[in-house]
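Trainee: Using the UniProt record's numbering, you'd call the opening residue of the sequence shown number 1 and step up by one each time. Positions of the beta carbon are idealized from the N, C-alpha and C atoms, including for glycine.
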Amino acid sequence: MSETFAGLTPLFPLSRALGDKRGTFEKAFGYTTVEDLLYHFPRRYLDVAEISPIGSLEIGEDASVYARVERVSERKMNSRKGFILEVIVTDLQEPAEESFDFADELSLTFFNGYQARKDLVPGVVGVFSGVLSTYRQERVLTQPEYTLLADQEEAAARPFPIYSRKQNMAQERIRTAIGTLLDQVDTESFPDPIPAEVLRKHHYPDLVTALEAVHRPENVKDAYRARRRFAFQEAFFLQLALAERRAAQSAERAVARPSISDGILADFDASLPYQLTPGQSSVGQVLAADIEATRPMNRLLQGEVGSGKTLVALRAMLQVIDAGGQAALVAPTEVLAQQHAQSISAMFGPLGRAGQLGGAEKATRVELLTGSMGTAAKRQALLNIATGDAGIVIGTHALFSDNVSFFDLGLVVVDEQHRFGVEQRDTLRNRAEITPHMLVMTATPIPRTVAMTVFGDLEPLVLEGLPSGRKPVKSFVVPTWNKKWLDRMIQRMSEEVAAGHQVFVVCPRISETDSAPKNGEAATAQRTTVDQMVAFLSQRPELKTARIDALHGQLHSEVKTDTMDRFARHQSDILVSTTVIEVGVDIPNATIMAIIDAENFGTAQIHQLRGRIGRGGLEGTCFLVSSLEKDHASLERLERIAQISDGFVLAEEDLKVRREGNVLGTEQAGARSTLRELRVMRDAALIGQAREDAEELVAQGSLDRYPGLRAAIDRWFDADTQEYLERG
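1) Starting from the Cα of Gln-491, find the closest Cα among Ala-247, Ile-592 and His-397 and give me that residue.
2) What does a CB cutoff of less than 8 Å around Pro-42 pick up in its chain, not counting 5 residues either side in sequence?
3) Let's test the definition: count the other Cβ atoms within 10 Å of the Cβ of Val-65 and tell me whether it reaches 16, buried, or not, exposed.
4) Answer yes or no: do Gly-23 and Ser-15 have a C-beta to C-beta separation smaller than 8 Å?
5) Ordered along the chain, which non-local residues of its own chain (more than five positions away) have a Cβ less than 7 Å from that of Phe-717?
6) Pick from Glu-334, Leu-383 and Asn-384: whose alpha carbon is nearest that of Ser-372?
7) In the structure shown, what three-state DSSP assignment does Ile-264 receive?
8) Under a three-way DSSP split, which group does Leu-575 fall into?
9) Rounded to a whole number of angstroms, what is the C-alpha to C-alpha distance between Thr-180 and Arg-227?
10) Just how far apart, CA to CA, sit Asp-631 and Leu-409?
11) Over the uninterrupted beta strand (DSSP E) stretch that includes Met-169, give me the two end residues.
12) For Ser-259, which residues from the same chain have a beta carbon less than 6 Å from its beta carbon, with the 5 sequence-adjacent residues on both sides left out?
13) Give me the Cα-Cα distance between Ala-141 and Leu-106, rounded to the nearest whole angstrom.
14) For the alpha helix (DSSP H) containing Ile-606, name the first residue and the last one.
15) Nearest-angstrom Cα distance between Arg-229 and Pro-159?
16) Would you kindly report the start and end of the unbroken beta strand (DSSP E) that includes Tyr-66?
17) Bridge partners for Ser-702 per DSSP, in chain order?
18) Between which two residues does the alpha helix (DSSP H) containing Arg-245 stretch?
19) Out of curiosity, what's the CA-to-CA distance linking Glu-74 and Pro-122?
20) My output table needs one value for Asp-714: the three-state DSSP class, helix, strand or coil.
21) Assess, as a yes-or-no matter, whether the segment 436-446 is touched by the segment 300-320 under the definition of 3 or more beta carbon pairs within less than 8 Å.
22) The alpha helix (DSSP H) spanning Asp-646 covers which residue range?
23) So, for Pro-195: in the same chain, excluding its five sequence neighbours on each side, which residues have a beta-carbon less than 8 Å away from its beta-carbon?
24) Return the chain-ordered list of same chain residues with a C-beta closer than 6 Å to the C-beta of Pro-193, the five sequence neighbours on each side being excluded.
25) Given this structure, state the Cα-to-Cα distance separating Phe-25 from Thr-176, to the nearest angstrom.
26) Would you please state the rounded distance, in angstroms, between the beta carbons of Val-366 and Gly-388? I believe it to be under 8 Å.
27) Over the uninterrupted beta strand (DSSP E) stretch that includes Ile-321, give me the two end residues.
28) Looking at the strands, I want to know which residues DSSP matches up with Thr-142.
29) If you reduce the DSSP assignment to three classes, tell me which class Glu-367 lands in.
30) Excluding sequence positions up to five away, which residues of its chain have a Cβ less than 8 Å from the Cβ of Leu-207?
31) For Leu-18, count neighbouring C-beta atoms within 10 Å of its own C-beta (all shown protein chains included) and say buried if the count is 16 or more, exposed if not.
32) Closer than 7 Å by C-beta to residue 731: which residues in its own chain qualify, once you throw out the five before and the five after it? Chain order, please.
33) Measure the alpha-carbon distance for Ala-170 versus Asp-104 and round it to whole angstroms.
34) Taking the continuous beta strand (DSSP E) assigned at Ile-548, which residues delimit it?
35) Could you check whether the segment 196-206 touches the segment 242-250, counting it as contact only if at least three pairs of C-beta atoms, one from each stretch, sit closer than 8 Å?
36) Would you mind reading off the limits of the alpha helix (DSSP H) that contains Tyr-114?
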């Protein structure tokens, strides 16, 4: 018997409130406070009036029946210790008029059903749920979940909640525990974190009323209306945190870097053998205006793979250099950093060789800094950065090191946002005495609602269109069980190699000793290795003259660089690799990509990968190779990817079909996922409302004037949430 407490507070110990000395709910769910359990919302609601009669149920379907226990019998198991409990129930629903099956009895079978033996006695009324099967021509529910009702009047009165369970905890126990807590909370002890004026504005119920409606609703409509309030609460908390971050950033000051008409940027533009696309010109004007301001720019530049984001970023860098500052370009891998350094130096020509033989009169210096550089080279690079001789500094995480000191860092460009989080970006920003401007680039298509939810500290900017001559990549799904299609793919590789073009082949892992499947990957999924694919391709007679190389992250840095250089110089024809080539690798001569066991890769990842081909005005073809059966859901996803070439449309479609809408991560390690009610696609308008309200509240002053709100946000932003937010 639990002790009664007047006015339970959110952080009151759960075990004490329930008189649960064993800590049952902590063991099952990780819940330790009253608030934890009250936010354990039902996964669905059952309305007895909507339950089908027994006679209309189909074998194999997930069924619920509303029935009364009539008879109970028990027998020993034949092959092992234990007993089988058989419960016969009769239907309390009227049979459907069109049904000719007037069966009103159903058998419930429990193996070692100790709790069921106590609960299910003749006369008891309840709802029983499970998969309907047959045994000796009788309809049976085996090991069903059940919810007991006091009587038929209670059943007819209101819908009742069905909760997710762990460790076989009975629905009734969860429902009773939550009811016990609800009876002991009030608006004074359990204050609403959302300010009253915000609740009134949107006509949301207060916290205690909403919790009551979620767990003990009068009708299903009331329950979901209350849950919408909690979806708003999640969006509101997140947007407040991001609004505070934006406010702190806007209070900082940057050095204005005005453009000049006769600097390196003007000479660079004049040297380009092509015109900027309308999208590049438009985005360039926005960035130029931002950089001329004294408020630090914080931009998220989104654009399709190959849309010309790097060129846009280079022009912004040169504007800063013309104004006397330095620019840093941060890449996620050494391979990409080295390629950026090579391609940018080639684009600049004499404009990038300041102080060197053949350098232009107005020029800058491009400096590469990576962790694998030799001591002497690294020392010289650090000196050039510190003295300002290096105008553009390109590197990896090595730029975050304490021994890197910039002369006048005016702009930080981060290539691929999802590889660098907020904390790392801040570390590099702090390398400068005065806050530099920040430009974050990504080719990973991010739906607007996701960008607003997760990247809310960055102002989004979309680079639309592709450079002239760039053609969309054609994609095809190739099932491995169709030998004809597989052979044709190999033949296409052979034809392209013979025509002087090159091929990427991407595998999900390096070798047999590589790691086990990652979270979210099916343990049974086919995961071909780089080693296996190199051996397979080498044995194909169609490719006997092809030069095949392998590239992956475990190779020594020099080997990776040499392998990539050979492929870039067309000294190899086929490059078999892991996703190390996912971002930034630019091989204009590559026309075919085969992604092996494509079901192992995410949608955005596949779209990134196929953006590596068809970059030189040549048509690109991507093969998504899969061993999945015809009707597998993941194969349908691959077909959808093959049909949609627009990355932003693809991202929207992908988000629609996801089971969960938690954009802060997949499955958080803590007891509860942070975004449990908010669904990014469904709640786009609600997220917009939350952002407006958050900005208005933060603009009025510190949130410390709302102590309940501040405390709730601090509790909500636990370590897991913060980690996901920091990752961006």
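Mentor: According to the structure shown:
1) By one-based count along the sequence shown, residue 491 stands at place 491. Of Ala-247, Ile-592 and His-397, the residue nearest in Cα terms is Ile-592.
2) Residue 42 sits at position 42 when you count from the first residue of the sequence shown. Excluding sequence neighbours, Pro-42 sits near Pro-161, Ile-162, Tyr-163, Val-214, His-215 and Ala-223.
3) Translated into the one-based positions of the sequence shown, residue 65 becomes position 65. Label assigned to Val-65: buried.
4) Position 23 of the sequence shown, counted from the first residue, corresponds to residue 23. Position 15 of the sequence shown, counted from the first residue, corresponds to residue 15. Yes, the pair counts as a contact, with Cβ atoms nearer than the cut-off.
5) Translated into positions along the sequence shown, residue 717 becomes position 717. Only Ala-241 meet the Cβ criterion.
6) If you number the sequence shown from 1, residue 372 lands on position 372. It is Glu-334 whose Cα lies nearest to the Cα of Ser-372.
7) Against the sequence shown, residue 264 aligns to sequence position 264. Here Ile-264 sits in helix by DSSP.
8) In the sequence shown, counting from the first residue as 1, residue 575 sits at position 575. Of the three classes helix, strand and coil, the one that applies to Leu-575 here is strand, per DSSP.
9) Indexing the sequence shown from 1 puts residue 180 at position 180. Indexing the sequence shown from 1 puts residue 227 at position 227. Near 20 Å, if we compare the C-alpha coordinates of Arg-227 and Thr-180.
10) Locating residue 631 in the sequence shown gives position 631, where the first residue counts as 1. Locating residue 409 in the sequence shown gives position 409, where the first residue counts as 1. Spanning the two alpha carbons is a distance of roughly 54 Å.
11) On the sequence shown, position 169 is the one that residue 169 refers to. That residue, Met-169, is in no beta strand (DSSP E); it is neither H nor E in DSSP.
12) As a working mapping, residue 259 is identified with position 259 in the sequence shown. So the qualifying residues of the chain are Ala-288 and Gln-319.
13) Position 141 of the sequence shown, counting from 1, holds the residue named residue 141. Position 106 of the sequence shown, counting from 1, holds the residue named residue 106. Before going on, a small fix: residue 141 reads as Leu here, not Ala. Whole-angstrom Cα-Cα distance: 8 Å.
14) On the sequence shown, position 606 is the one that residue 606 refers to. From DSSP, the alpha helix (DSSP H) with Ile-606 extends over 603-610.
15) Translated into positions along the sequence shown, residue 229 becomes position 229. Translated into positions along the sequence shown, residue 159 becomes position 159. Their Cα atoms are separated by approximately 20 Å.
16) By one-based count along the sequence shown, residue 66 stands at place 66. Taken as a continuous stretch (DSSP letters only), the beta strand (DSSP E) holding Tyr-66 covers 62-76.
17) Working through the sequence shown from its first residue, we reach residue 702 at position 702. Answer is none; Ser-702 lacks a bridge partner.
18) The sequence position of residue 245 within the sequence shown is 245, counting from 1. Run containing Arg-245: 220-251, per the alpha helix (DSSP H) assignment.
19) Taking the first residue of the sequence shown as 1, we reach residue 74 at position 74. Taking the first residue of the sequence shown as 1, we reach residue 122 at position 122. Looking at the two C-alpha atoms, the distance is approximately 14 Å.
20) Residue numbering aside, residue 714 sits at position 714 when the sequence shown is read from its first letter. Correct three-state label for Asp-714: helix.
21) yes
22) Mapped onto the sequence shown, residue 646 falls at position 646. Neither: Asp-646 is in no alpha helix (DSSP H) and is coded neither H nor E.
23) Taking the sequence shown and counting its residues from 1, one reaches residue 195 at position 195. Excluding positions up to five away in sequence, the list reads Leu-697, Tyr-706 and Leu-709.
24) Taking the first residue of the sequence shown as position 1, residue 193 is located at position 193. Cβ within range, chain order: Gly-708, Leu-709 and Ala-712.
25) Counting from 1 along the sequence shown, the entry for residue 25 is found at position 25. Counting from 1 along the sequence shown, the entry for residue 176 is found at position 176. Approximately 13 Å, taken between the alpha carbons.
26) The residue you call residue 366 lines up with position 366 of the sequence shown. The residue you call residue 388 lines up with position 388 of the sequence shown. Going by Cβ atoms, the distance from Val-366 to Gly-388 rounds to 14 Å, so no, they are not a contact pair.
27) To locate residue 321, count along the sequence shown from 1; it is residue 321. No beta strand (DSSP E) holds Ile-321; the alpha helix (DSSP H) holding it covers 309-322.
28) Here residue 142 is taken as the residue at index 142 of the sequence shown, counted from 1. DSSP lists Thr-109 as partners of Thr-142.
29) Counted from its first residue, the sequence shown places residue 367 at position 367. Strand, per DSSP.
30) Position 207 of the sequence shown, counted from the start, is the residue given in the question as residue 207. Once the five neighbours on either side are set aside, the close Cβ partners of Leu-207 are Thr-187, Phe-190, Pro-191, Asp-192, Pro-193 and Ile-194.
31) For the purposes of this step, residue 18 is taken as residue 18 along the sequence shown, with counting starting at 1. It counts as buried.
32) Lying outside 1 to 728, the shown extent of the chain, residue 731 is not represented and no answer is given.
33) Taking the sequence shown and counting its residues from 1, one reaches residue 170 at position 170. Taking the sequence shown and counting its residues from 1, one reaches residue 104 at position 104. Cα-Cα distance, rounded: 26 Å.
34) Position 548 of the sequence shown holds residue 548. Here the beta strand (DSSP E) through Ile-548 covers 548-551.
35) no
36) Numbered from 1 along the sequence shown, position 114 holds the residue referred to as residue 114. Where Tyr-114 is concerned, the enclosing alpha helix (DSSP H) stretches over 114-119.
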